[in-house]
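Residue numbering for the sequence shown follows our numbering, starting at 205 and increasing by one per position. Cβ coordinates follow ideal geometry from the N, Cα and C atoms, glycine included. A short write-up of the structure that comes next.
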Amino acid sequence: MQIVFLGTSGSWPTPKRNVSGIAVKRGPEVILFDCGEGTQRQFMASKLSFMQVSRVFLTHYHGDHFLGLPGLMQSMNFFGREAALEVYGPAGCEALVLQLLSLGHFKAAYPVKARDLTPGERVDCGEYTVSAFEAVHTVPGLSYVLEEKERPGRFDLEKAKALGIPPGPLYSRLQEGESVTVGGKTFRPEQVLGPPRRGRKIVYTGDSMPHETLVAMARGADVLIHDATSDAALEEKANRYGHSSSRQAGMVAKEAGVGLLVLTHMSPRYEDPATLFNDAKAVFDRVLLADDFAEVEVPYPD
Ligand SMILES: [Zn+2]
Ligand SMILES: [Zn+2]
Numbered sequence: 205m206q207i208v209f210l211g212t213s214g215s216w217p218t219p220k221r222n223v224s225g226i227a228v229k230r231g232p233e234v235i236l237f238d239c240g241e242g243t244q245r246q247f248m249a250s251k252l253s254f255m256q257v258s259r260v261f262l263t264h265y266h267g268d269h270f271l272g273l274p275g276l277m278q279s280m281n282f283f284g285r286e287a288a289l290e291v292y293g294p295a296g297c298e299a300l301v302l303q304l305l306s307l308g309h310f311k312a313a314y315p316v317k318a319r320d321l322t323p324g325e326r327v328d329c330g331e332y333t334v335s336a337f338e339a340v341h342t343v344p345g346l347s348y349v350l351e352e353k354e355r356p357g358r359f360d361l362e363k364a365k366a367l368g369i370p371p372g373p374l375y376s377r378l379q380e381g382e383s384v385t386v387g388g389k390t391f392r393p394e395q396v397l398g399p400p401r402r403g404r405k406i407v408y409t410g411d412s413m414p415h416e417t418l419v420a421m422a423r424g425a426d427v428l429i430h431d432a433t434s435d436a437a438l439e440e441k442a443n444r445y446g447h448s449s450s451r452q453a454g455m456v457a458k459e460a461g462v463g464l465l466v467l468t469h470m471s472p473r474y475e476d477p478a479t480l481f482n483d484a485k486a487v488f489d490r491v492l493l494a495d496d497f498a499e500v501e502v503p504y505p506d
């Protein structure tokens, strides 16, 4: 699984940074979190294709997080998309997407399925889930947790041999959770598999101030992508507008014990984001300040 940052600027784009758009590549699929204006062009400059996007999760309806969606949906049409596109967001998502689809002379030739999510809701996407929880911002907003389901445990070759199961296709069937029969004896997967292994977990705050629920939801995440609108010096101002400082992002990362903190949504006032990085680094060591097109590999924990 890989995270590609398509836009890392807060509120409006700068010559170096586009507004929010975070692509998570997982197998053949791309899951897109937020879709600021110009996200489709950022896709073209990245190694991903927007045609791979299966699901879009919007955090809230400030322009810098969703205005790229109408253009993206229209281009998908030009590229001959047939597969359904799912769009999720806080209350009003369905109505908003209907509006965006009716702008100008446009008719989508593929199905667009929009759904309002309430905090606490979980979308089952097969091998992974995406859960929404409430962000603390100036307008209703959601933060998201992408979490893979548990994987079967590691196959114990020695055990399988000792039990007298011949190597070959029976091993893959056991690995896939099936029981197999050898010489009249039935073997269950748990006889040759170790304990189930956890999947990977990514948390994205969207625009939010730090809060207790966020710390709880981010606990043990491999990657926490956090609003870092200001440096520590302007923290009070950032909080007044429902944002976090990079120092606060560092505090959340530390309390939640995440693997890696990635700072994003930097205010355009910072031409050089060094203070933002340093303020976070002072409280939490494993930190990255995302530039546009930054790639973060998320390996399996074991
Ligand atoms: Zn924003
Ligand atoms: Zn906002």
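Alpha-carbon to alpha-carbon, residue j and residue i
{"i": "residue 209", "j": "residue 302", "result": "27 Å"}
{"i": "residue 487", "j": "residue 458", "result": "7 Å"}
{"i": "residue 243", "j": "residue 211", "result": "7 Å"}
{"i": "residue 280", "j": "residue 226", "result": "18 Å"}
{"i": "residue 269", "j": "residue 361", "result": "49 Å"}
{"i": "residue 205", "j": "residue 426", "result": "11 Å"}
{"i": "residue 472", "j": "residue 454", "result": "20 Å"}
{"i": "residue 312", "j": "residue 485", "result": "46 Å"}
{"i": "residue 393", "j": "residue 402", "result": "17 Å"}
{"i": "residue 327", "j": "residue 287", "result": "19 Å"}
{"i": "residue 411", "j": "residue 505", "result": "28 Å"}
{"i": "residue 363", "j": "residue 422", "result": "37 Å"}
{"i": "residue 195", "j": "residue 359", "result": "Nothing about residue 195 can be reported from this structure: the residues present for the chain run from 205 to 506 only."}
{"i": "residue 385", "j": "residue 295", "result": "52 Å"}
{"i": "residue 406", "j": "residue 429", "result": "8 Å"}
{"i": "residue 253", "j": "residue 246", "result": "10 Å"}
{"i": "residue 250", "j": "residue 272", "result": "16 Å"}
{"i": "residue 349", "j": "residue 334", "result": "5 Å"}
{"i": "residue 483", "j": "residue 436", "result": "6 Å"}
{"i": "residue 345", "j": "residue 461", "result": "24 Å"}
{"i": "residue 354", "j": "residue 399", "result": "10 Å"}
{"i": "residue 417", "j": "residue 500", "result": "25 Å"}
{"i": "residue 478", "j": "residue 261", "result": "30 Å"}
Simplified DSSP assignment, three categories, for residue i
{"i": "residue 239", "result": "strand"}
{"i": "residue 267", "result": "helix"}
{"i": "residue 504", "result": "coil"}
{"i": "residue 252", "result": "coil"}
{"i": "residue 488", "result": "coil"}
{"i": "residue 247", "result": "helix"}
{"i": "residue 377", "result": "helix"}
{"i": "residue 497", "result": "coil"}
{"i": "residue 480", "result": "helix"}
Proximity test, residue i beta-carbon vs ligand 3 heavy atom, cut-off 8 Å
{"i": "residue 446", "result": "The ligand content of the structure shown is limited to ligand 1 and ligand 2, which means ligand 3 is not among them."}
query = How about the segment 364 to 373 and the segment 434 to 448: do they share at least three Cβ pairs that are nearer than 8 Å?
reply = Cβ pair count under 8 Å is below three, so no.
key: Contained beta strand (DSSP E) runs [length at least 3] in the segment 410 to 474, N- to C-terminal order   = 427 to 431 and 464 to 468
query = How about the segment 486 to 505 and the segment 461 to 478: do they share at least three Cβ pairs that are nearer than 8 Å?
reply = Taking one beta carbon from each stretch, the segment 486 to 505 and the segment 461 to 478 have 3 or more pairs nearer than 8 Å; the two touch.
query = Got a list of residues with beta-carbon closer than 7 Å to any non-hydrogen atom of ligand 1, in chain order?
reply = 214, 215, 224, 266, 268, 269, 411 and 469
query = Curious, which full-length alpha helix (DSSP H) runs of at least 4 residues does the segment 270 to 337 contain?
reply = Within the segment 270 to 337, the runs of alpha helix (DSSP H) at least 4 residues long that lie entirely inside it are, in chain order, 273 to 282 and 297 to 305.
query = Are there three or more Cβ pairs, one per stretch, closer than 8 Å when the segment 231 to 238 is compared with the segment 251 to 270?
reply = yes
ask   = Counting only runs that start and end within the segment 356 to 408, where is the beta strand (DSSP E) found for 3 or more residues in a row?
value = Counting only runs of 3 or more, we get 384 to 386, 389 to 391 and 405 to 408.
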